[in-house]
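Step one of this worksheet: look at the structure below.
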Amino acid sequence: MTALEFLNTKYEFSEAEQKALKRCDSLKGRKAKGLLKTSYKKVNEYRELILKGNLIEVAQKILSRVKYISIDEILSTEYREFVYFMKWLEDEFNNISVLESDLSADESDEMEEAGINALSKYKEINVIDALSNNILEWEQIEKLPYEVIYTKLLKTKEENEIRENLIQIRNRNNKR
Numbered sequence: 030m031t032a033l034e035f036l037n038t039k040y041e042f043s044e045a046e047q048k049a050l051k052r053c054d055s056l057k058g059r060k061a062k063g064l065l066k067t068s069y070k071k072v073n074e075y076r077e078l079i080l081k082g083n084l085i086e087v088a089q090k091i092l093s094r095v096k097y098i099s100i101d102e103i104l105s106t107e108y109r110e111f112v113y114f115m116k117w118l119e120d121e122f123n124n125i126s127v128l129e130s131d132l133s134a135d136e137s138d139e140m141e142e143a144g145i146n147a148l149s150k151y152k153e154i155n156v157i158d159a160l161s162n163n164i165l166e167w168e169q170i171e172k173l174p175y176e177v178i179y180t181k182l183l184k185t186k187e188e189n190e191i192r193e194n195l196i197q198i199r200n201r202n203n204k205r
C-alpha cells in the first residue's frame with residue numbers, strides 16, 4: 030500500500046499504536062536534518078505550514094534540503110516508511126514545543142496590565158529582537174540553527190530569573 034492509499038483510508042492509530050510506532054528520519058534514501066539543526070526561520074516556516082494542514086509539503090521541503098523529492102514521490106512511498114518518517118517529524122516538532130515551554134515566562138498581572146500581550150502579534154520577531162535590537166542583524170539571526178537560538182534564550186531567561194532573585198534578596202536584607 031502506498032502513502033497516498035494509506036492516507037485515503039483515514040486510518041487512526043490508537044494511543045498504544047502511536048507509542049509503538051517506529052521513528053525514522055529517512056524517506057526514499059534521503060536522511061532529513063533534525064529540526065534543532067535547522068535554521069530558526071525554516072522551523073517557523075514549517076510550523077506555519079503544519080498549522081495550515083500542509084504536512085506533506087513540510088515533509089517535501091525538509092527532504093528536498095537533502096535531495097529534491099516531489100510530493101508525488103512521497104505519496105508513492107510504501108506506507109510504513111511514510112508513517113515512520115511522519116512520526117519522526119511529529120516528534121521533532123513536539124520536542125521543539127517542549128523546549129519552547131521551558132522558555133515561556135509566567136507573565137505577572139503587572140506585565141499584563143502594562144500591555145505585554147500586545148506584542149504577541151509580532152510572533153517570532155519578538156524572539157529575533159530579543160537577540161538583537163539591531164534590525165540589520167535580524168536576517169543573520171534567522172539563519173542560525175534553532176538550537177543556538179533556544180540556548181541563548183534559555184540562558185537569558187535564567188539570567189533574568191537570577192537578577193529578580195537577587196533584587197528580592199537585597200530588598201529583604203535592606204528591610205532588616
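Using this note's numbering, read the sequence shown as starting at 30 and increasing by one per residue.
Cβ coordinates follow ideal geometry from the N, Cα and C atoms, glycine included.
Short of 6 Å in beta carbon distance, which residues of its chain neighbour LEU104, apart from the five on each side in sequence? Order them along the chain. The beta carbon of LEU104 sits closer than 6 Å to those of ALA32, LEU33, all from its chain and outside the five residues before and after it, given in chain order.
Close Cβ partners of VAL95 (< 8 Å) along its chain, the five nearest in sequence each way excluded: Within the same chain, Cβ atoms closer than 8 Å to the Cβ of VAL95 are found at ARG59, LYS60, ALA61, LYS62, the five residues on either side in sequence being excluded.
Give the DSSP-derived three-state secondary structure of THR67 in the structure shown. THR67 falls in the coil class under three-state DSSP.
Between the segment 75-83 and the segment 107-114, do three or more beta carbon pairs fall short of 8 Å? In short, these stretches do not touch, since the Cβ pair count stays below three.
Determine whether the beta carbon atoms of LEU65 and GLU139 lie at a separation below 8 Å. The Cβ atoms of LEU65 and GLU139 lie no closer than 8 Å to each other.
If you draw a straight line from the C-alpha of ILE178 to the C-alpha of LYS70, how long is it? Cα-Cα distance, rounded: 11 Å.
Can you tell which of CYS53, LYS152, GLU46, SER130 has its C-alpha closest to the C-alpha of GLU74? Comparing alpha-carbon positions, the option among CYS53, LYS152, GLU46, SER130 lying closest to GLU74 turns out to be LYS152.
Distance between SER161 and ILE100 (C-alpha atoms, nearest Å): C-alpha separation (whole angstroms): 37 Å.
Sub-8 Å separation of LYS57 and GLU102 beta-carbons: Yes.
With DSSP as the reference, please indicate the residues paired to LYS60 in a beta bridge. For LYS60, which the question treats as bridged, DSSP gives the partners SER55.
Can you tell me the Cβ-Cβ gap for PRO174 and SER93, rounded? I've got them flagged as a contact below 8 Å. About 18 Å separates the Cβ atoms of PRO174 and SER93, ruling out a contact at the 8 Å cut-off.
May I ask you to report which of helix, strand or coil DSSP gives THR106? Secondary structure of THR106 (DSSP, three-state): coil.
Alpha carbon to alpha carbon, how far is GLU77 from LYS150? Rounded to the nearest angstrom, the two C-alpha atoms are 14 Å apart.
Alpha-carbon spacing of ASP54 relative to ALA143, whole angstroms: If you take the alpha carbons of ASP54 and ALA143, they lie about 45 Å apart.
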